[in-house]
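Visitor: Numbering (my numbering), first residue to last: 497 to 911.
Let me give you the structure first, and then I'll get to my questions.
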RNA sequence: CGGGGCGUAGUAUAGUGGUAGUAUACUUGCUUUGGGAGCAUGUGGUCCGAGUUCGAUUCUCGGCGCCCCGACCA
């Protein structure tokens, strides 16, 4: 993409109503636009990052048997009444709306009801199980107080997978696979070294759920981390009995602030019962399906990555999710340099490399500052010097390291 | 949902019961050209409503919106 064609611009200053680093940098860089409290639009650069994160999650979900679909945003009140979650006294942050004919609809708040209801129609035999459908979708929650930039909003984009298993052991086996998939995801998006699988409250059907908590001072949650084993416990479930059952020593735990970037939950028959979601086993006996839920908020994940990986000059995107792999920066206006930059741009595209081409007629300082802020991993500088040397000046965003590379070397590195 | 703070140009800020200022961004021109360059030039603003007043951006009330702390967070 040519930078001259991008309508967004960087800003030197963040709006005063944003105090969190993630929102400041994402707004300054032109990744997101704030519509209202807790509601953000994704601008071209931001969408590219979200799409990259989405693809990594998709690959990992598919790897463990996930099958992608899409449930509706408008929700039928009836299915929520089955689980007693329609009443505002039970779920107080619904967004609801009226139908012209007098009925009511809800805006998707979470997906358990939708999935249970759909799967009921297709699951009737042990031969139909297990299944692991998931979707990426917008979720709406009428939060009384939004906070922390894009980390906690009224509208957000998430991935939710639901597991439908025949019995506990089948469920548990998948649950363990999901943990690994989640760890892979957080590794691949660049925050694996800061993200811990954390014991959290489990509800009625299991002792614990598991959260994936990324350690950062701006986190909303407090976790207790055993640094040696990497085991963490959410403060909400920390007590002597739990410590004992997990074999942890309170003295060795370190208190940390963290952001919950994902969570997985055993649901047991909480939803199967109200929906009569059951199947016939080999003996023709009716059995309830065992469910689990597995969620990741993509916007929150993007915000977390910005929080933990940015520096004083701007965002430092990991290669895996950067809006572009390389930032080609043309300096100066002489025809030779321009020609070389144009040729290089076309060549890189031909080679399948995602490149952002700063072809604007602005000063070098501004281009460098923008490039730092936007945070594309590899910067390729084309200027008078480059024309003379027939090699490119390369700057690595994360390390700041500068090197010279030929076009061939560059292409093989970027591929 | 309790408490606190705040609404002035695209953005960041100053100020005033009587013509609203600065920076930046934007227009145009000249000079510049490897870390947000300089000079000149032009455009653009008091959240909404009511009240007090000769006159309100300023004071009062109401509304709307935003931020922060706490509670909540399936």
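Virtual Cβ for every residue (Gly too), placed ideally from N, Cα, C.
So the alpha helix (DSSP H) residue 867 belongs to, where does it begin and stop?
Guide: Counted from its first residue, the first chain places residue 867 at position 371. It spans 860 to 870 - the alpha helix (DSSP H) in which residue 867 sits, taken as one unbroken run.
Visitor: Going by beta carbon distance, what residues of the same chain come within less than 7 Å of residue 771, once the five residues before and after it are set aside?
Guide: For the purposes of this step, residue 771 is taken as the residue at position 275 of the first chain. Once the five neighbours on either side are set aside, the close Cβ partners of residue 771 are 578, 612, 613 and 616.
Visitor: Is there contact between the region 546 to 566 and the region 625 to 635, where contact requires at least three CB pairs shorter than 8 Å?
Guide: As far as the Cβ criterion goes, the region 546 to 566 touches the region 625 to 635, which means the pair count is three or higher.
Visitor: Ignoring anything shorter than 3 residues, give me the beta strand (DSSP E) runs that lie fully in the region 578 to 612, in order along the chain.
Guide: Taking only runs of at least 3 residues, the beta strand (DSSP E) segments lying wholly in the region 578 to 612 are 592 to 594 and 600 to 603.
Visitor: What do you reckon, are the CB atoms on residue 528 and residue 819 nearer than 8 Å?
Guide: Here residue 528 refers to the residue found at position 32 of the first chain. Here residue 819 refers to the residue found at position 323 of the first chain. No, the Cβ-Cβ distance between residue 528 and residue 819 is not below 8 Å.
Visitor: Is residue 602 closer than 8 Å to residue 573 when the C-beta atoms are compared?
Guide: In the first chain, the residue the question calls residue 573 occupies position 77. In the first chain, the residue the question calls residue 602 occupies position 106. It is a contact, given that the beta carbons lie within the stated cut-off.
Visitor: Go through the region 817 to 850 residue by residue and report every complete run of the alpha helix (DSSP H) that reaches 4 residues or more, in order.
Guide: Taking only runs of at least 4 residues, the alpha helix (DSSP H) segments lying wholly in the region 817 to 850 are 831 to 846.
Visitor: For the region 800 to 812 and the region 860 to 872, state whether three or more C-beta atom pairs, one from each stretch, are separated by less than 8 Å.
Guide: With the cut-off at 8 Å, the region 800 to 812 and the region 860 to 872 touch.
Visitor: Please state whether the Cβ-Cβ distance between residue 682 and residue 795 is less than 8 Å.
Guide: Mapped onto the first chain, residue 682 falls at position 186. Mapped onto the first chain, residue 795 falls at position 299. Contact: no.
Visitor: Using the Cα positions of residue 862 and residue 676, report the straight-line distance between them to the nearest angstrom.
Guide: Sequence index remark: in the first chain, residue 862 carries index 366 (1-based). Sequence index remark: in the first chain, residue 676 carries index 180 (1-based). So the two alpha carbons sit approximately 43 Å from each other.
Visitor: In the DSSP assignment, find the unbroken beta strand (DSSP E) run with residue 689 in it and report its ends.
Guide: One-based indexing of the first chain puts residue 689 at position 193. Looking at the DSSP string, residue 689 is not in any beta strand (DSSP E), and its letter there is neither H nor E.
Visitor: Report the CB separation of residue 768 from residue 749 in whole angstroms; it is logged as a contact under 8 Å.
Guide: Reading the first chain from its first residue, position 272 is the one you call residue 768. Reading the first chain from its first residue, position 253 is the one you call residue 749. At roughly 36 Å, the Cβ-Cβ gap does not stay under 8 Å, so residue 768 and residue 749 are not in contact.
Visitor: Could you have a look at residue 898 and say whether DSSP puts it in helix, strand or coil?
Guide: Position 402 of the first chain, counting from 1, holds the residue named residue 898. If DSSP states are grouped into helix, strand and coil, residue 898 belongs with the strands.
Visitor: What separation, rounded to the nearest whole angstrom, lies between the Cα atoms of residue 707 and residue 744?
Guide: If you number the first chain from 1, residue 707 lands on position 211. If you number the first chain from 1, residue 744 lands on position 248. Rounded to the nearest angstrom, the two C-alpha atoms are 18 Å apart.
Visitor: Report the option in 908, 777, 845 and 903 whose CA atom is closest to the CA atom of residue 619.
Guide: If you number the first chain from 1, residue 619 lands on position 123. Nearest C-alpha to residue 619: 777.
Visitor: Report yes if the CB atom of residue 874 is closer than 8 Å to the CB atom of residue 910, and no otherwise.
Guide: As a working note, residue 874 is residue 378 in the first chain. As a working note, residue 910 is residue 414 in the first chain. Yes. Within cutoff.
Visitor: Exposed or buried, which one is residue 892 when buried takes at least 16 other CB atoms within 10 Å?
Guide: Here the question's residue 892 lines up with position 396 in the first chain. So residue 892 ends up on the exposed side.
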